[in-house]
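Remarks on the structure that follows.
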Amino acid sequence: MLNIQTNKLFWASCLALLVTSLSFGIRAGMMNQLGIDFQLSATQLGTITATAFWGFPLAIVVGGFVVDLIGMKRLLVMAFVFHLAGIVLTIFAQGYWTLFFSTLLIGIANGTVEAACNPLVATLYPNNKTTRLNHFHLWFPGGIVIGTLLVTLFVHLGLGWKVQVAMMIIPTLIYGYLFSKLDFPVTERVSSGYSSADMYKAVCSPLFIFMFICMFGTAITELFTGQWIGLLLKNVTDNAILLLTLTTGIMVIGRGFAEPVVKRLAPQGVLLLSAIFAATGLYMLSTFTGNSIFFAAIIFGIGVCYFWPTMIGFVSENIPQSGALGINLMGGAGMFAVSVYTIFMGSFYDDLIVKHLPSDGSLDTYLKAAEGTPAAQTLANAKNLAGPEILQATLVIPLVLIVAFAGLVVYMRSRKANKRLSYSDEAVTI
Numbered sequence: 005m006l007n008i009q010t011n012k013l014f015w016a017s018c019l020a021l022l023v024t025s026l027s028f029g030i031r032a033g034m035m036n037q038l039g040i041d042f043q044l045s046a047t048q049l050g051t052i053t054a055t056a057f058w059g060f061p062l063a064i065v066v067g068g069f070v071v072d073l074i075g076m077k078r079l080l081v082m083a084f085v086f087h088l089a090g091i092v093l094t095i096f097a098q099g100y101w102t103l104f105f106s107t108l109l110i111g112i113a114n115g116t117v118e119a120a121c122n123p124l125v126a127t128l129y130p131n132n133k134t135t136r137l138n139h140f141h142l143w144f145p146g147g148i149v150i151g152t153l154l155v156t157l158f159v160h161l162g163l164g165w166k167v168q169v170a171m172m173i174i175p176t177l178i179y180g181y182l183f184s185k186l187d188f189p190v191t192e193r194v195s196s197g198y199s200s201a202d203m204y205k206a207v208c209s210p211l212f213i214f215m216f217i218c219m220f221g222t223a224i225t226e227l228f229t230g231q232w233i234g235l236l237l238k239n240v241t242d243n244a245i246l247l248l249t250l251t252t253g254i255m256v257i258g259r260g261f262a263e264p265v266v267k268r269l270a271p272q273g274v275l276l277l278s279a280i281f282a283a284t285g286l287y288m289l290s291t292f293t294g295n296s297i298f299f300a301a302i303i304f305g306i307g308v309c310y311f312w313p314t315m316i317g318f319v320s321e322n323i324p325q326s327g328a329l330g331i332n333l334m335g336g337a338g339m340f341a342v343s344v345y346t347i348f349m350g351s352f353y354d355d356l357i358v359k360h361l362p363s364d365g366s367l368d369t370y371l372k373a374a375e376g377t378p379a380a381q382t383l384a385n386a387k388n389l390a391g392p393e394i395l396q397a398t399l400v401i402p403l404v405l406i407v408a409f410a411g412l413v414v415y416m417r418s419r420k421a422n423k424r425l426s427y428s429d430e431a432v433t434i
């Protein structure tokens, strides 16, 4: 009976995460159309995208502080309400501000889902955390694959972005119903007997702070590139959004087969290899053209595949006293970093576009140009030139991560060796 309950909770969590990822995949596919329909600049689109990343860390950090007090079930009821409200408001959006607030609500819902489900999965599978968190998080790229394929299909059928957004209502209603019928355990920290003082001490430890900072880079490398790939690489393929589908498809497969990889390399080894592949893939995406761009997407997908769940799994396994708060602070750090970076790069993208435009007109003039006119084509050409430059600027981040995770591998090996020596000394004393 316990295993049946565990499996039901796990699969309901996966469905809730599917809604989260659908919001990313569908939004990534409709960003260009939103810009056209509401005459929005890249800076405005960047701000709208960033609101999802603002709401996420706000919800996940607050959730991390209160989940032990109010329970995971209440958090997930709140997530359901925010998801439903955000989806409906998006469908009836009238311009910049309604898109801003609807995306913020969806971001809060997404963060609340992870605030409850990450510690829930760690609690359900205490002896296999990193692997099960990878299995749980495969539904994030899985939902993006489904979302981008739906966008491609609906565009082909002539259905607008409002219908695409409305599709998210179905899984939202299902996960809300499932969670309302299930009983939840207490979090692992509470069941293990760690005190709140232990938890706060753990999240102030040097190892946690190091991983917290590294989470900035892993999240930006994965999520910023994924959200903007359709805009940034329109110069190399007419179906740039399919690059996101391919990348996330690789992530689904990789996370599904995470167990042998994690056991072979250990979490820190997986992170180092991921950073190497991510840097290589990002460089290839920014320089390759033609069909080779799809090979670049595969390499990049392998790189970012294990980042998010393995970062969380590493903290949960190696700093267990940090509990749900530690897990959720990691998620909040990642999303907050992406929100700041997205706004900065949206403005930088506008500046690069202006650099590639003729000097006789403003960006607003070109944005308001009707489709099919010479001015509109000039703007499109400028965007095509600016996109790869954004990726090249972002390449610095995974390069830094390679150095950081190489240091982590060395540190964890030395720590393991020290433990062995300590055990040997105890044996000799006895």
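So for the sequence shown, our numbering puts the first residue at 5; every next one is plus one.
For every residue, glycine included, the Cβ atom is placed at its ideal position computed from N, Cα and C.
Treat the numbers as computed from the prediction; the structure is a model and nothing was measured.
| field | Whole-number beta carbon distance between residue 145 and residue 339, since they are thought to touch under 8 Å | value | 16 Å between Cβ atoms; not a contact.
| Between the CA atoms of residue 150 and residue 210 - distance to the nearest angstrom | 39 Å
| said: Less than 8 Å between C-beta atoms, sequence neighbours within five positions excluded: which residues of the same chain meet that for residue 420? | reply: Taking C-beta separations shorter than 8 Å and ignoring five residues to either side along the sequence, residue 420 has no partners in its chain.
| task | Would you kindly work out how many angstroms separate the C-alpha atoms of residue 346 and residue 43, rounded to a whole number? | result | 19 Å
| Considering only residues of the same chain and omitting the five flanking positions on each side of residue 401, which have a CB-CB separation below 6 Å? | 221, 224 and 225
| query | In whole angstroms, what separates the C-alpha of residue 434 from that of residue 415? | reply | In this prediction, residue 434 scores a pLDDT of 48, lower than 50, which makes its location untrustworthy; the coordinate-derived value is nonetheless stated afterwards. Cα-Cα distance, rounded: 29 Å.
| query | How about residue 25 and residue 172: are their beta carbons less than 8 Å apart? | reply | no
| Nearest CA to the CA of residue 59: which residue from 118, 78 and 100? | 118
| task | Output the boundary residues of the alpha helix (DSSP H) element that contains residue 218. | result | 210-223
| field | Beta carbon of residue 134 nearer than 8 Å to that of residue 318 | value | Yes; because the gap between Cβ atoms is below 8 Å, this pair is in contact.
| request: Keeping to the same chain, check which residues put their C-beta closer than 6 Å to that of residue 301; ignore five residues upstream and five downstream. | output: 247, 250 and 251
| request: Please specify which runs of the alpha helix (DSSP H), each continuous and at least 4 residues long, are wholly inside the segment 99-185, giving them in chain order. | output: Within the segment 99-185, the complete alpha helix (DSSP H) runs of at least 4 residues are 100-128, 133-141, 143-161, 165-170 and 173-185.
| query | Thinking just about the alpha-carbon of each residue, which of 188, 349 and 159 is nearest to the one in residue 8? | reply | 188
| query | Considering only C-alpha positions, which residue in the set 256, 405, 126 and 159 is nearest to residue 322? | reply | 126
| request: Assign residue 74 to one of two classes, buried (16 or more other C-beta atoms within 10 Å of its C-beta) or exposed (fewer than that). | output: exposed
| message | Quick check on DSSP: helix, strand or coil for residue 3? | response | Residue 3 lies beyond the stretch modelled for the chain, which goes from 5 to 434, so this question has no answer here.
| task | Give the DSSP-derived three-state secondary structure of residue 74 in the structure shown. | result | helix
| Counting Cβ pairs closer than 8 Å, one from the segment 75-87 and one from the segment 288-299, do we hit at least three? | no
| said: Under DSSP, the alpha helix (DSSP H) around residue 351 begins and ends at which residues? | reply: 327-359
| request: Rank 180, 38 and 192 by C-alpha distance to the C-alpha of residue 18 and give the top, closest one. | output: 180
| request: Out of 93, 192, 29 and 48, state which residue places its alpha-carbon closest to the alpha-carbon of residue 353. | output: 48
| said: Taking the straight line between their C-alpha atoms, what separation do you get for residue 215 and residue 162? | reply: 45 Å
| request: Please state whether DSSP places residue 18 in a helix, a strand or coil. | output: Here residue 18 sits in helix by DSSP.
| field | residue 15 versus residue 109 - alpha carbon distance | value | 24 Å
| Using DSSP with H/G/I as helix, E/B as strand and the rest coil, what is residue 280? | helix
| query | Using 8 Å as the Cβ pair cut-off and three pairs as the minimum, do the segment 276-290 and the segment 397-413 touch? | reply | yes
| Is the beta carbon of residue 393 sitting closer than 8 Å to the one on residue 356? | yes
| Cβ-Cβ distance between residue 313 and residue 138 below 8 Å | Going by C-beta atoms, residue 313 is nearer than 8 Å to residue 138.
| message | Cutting at 6 Å between CB atoms, please list the residues of its own chain near residue 101, excluding the five before and the five after it. | response | none
| said: Determine whether the beta carbon atoms of residue 107 and residue 55 lie at a separation below 8 Å. | reply: yes
| task | Please confirm whether residue 218 and residue 408 have their CB atoms less than 8 Å apart. | result | Between residue 218 and residue 408, the gap from beta carbon to beta carbon is short of 8 Å.
| Out of 413, 383 and 22, which has the shortest C-alpha to C-alpha gap to residue 39? | 383
| query | Near residue 170, which residues of its chain fall below 8 Å by C-beta distance, leaving aside the five closest residues on each side in sequence? | reply | The beta carbon of residue 170 sits closer than 8 Å to the beta carbons of 91 and 95 from its chain, once the five residues preceding and following it are set aside; these are given in chain order.
| Spatially closest choice to residue 227 from 98, 381, 344 and 377, by CA coordinates | 344
| task | Whole angstroms is fine: what's the gap from residue 66's alpha carbon to residue 176's? | result | 22 Å
| field | Separation of residue 143 from residue 255, as counted between CA atoms | value | 9 Å
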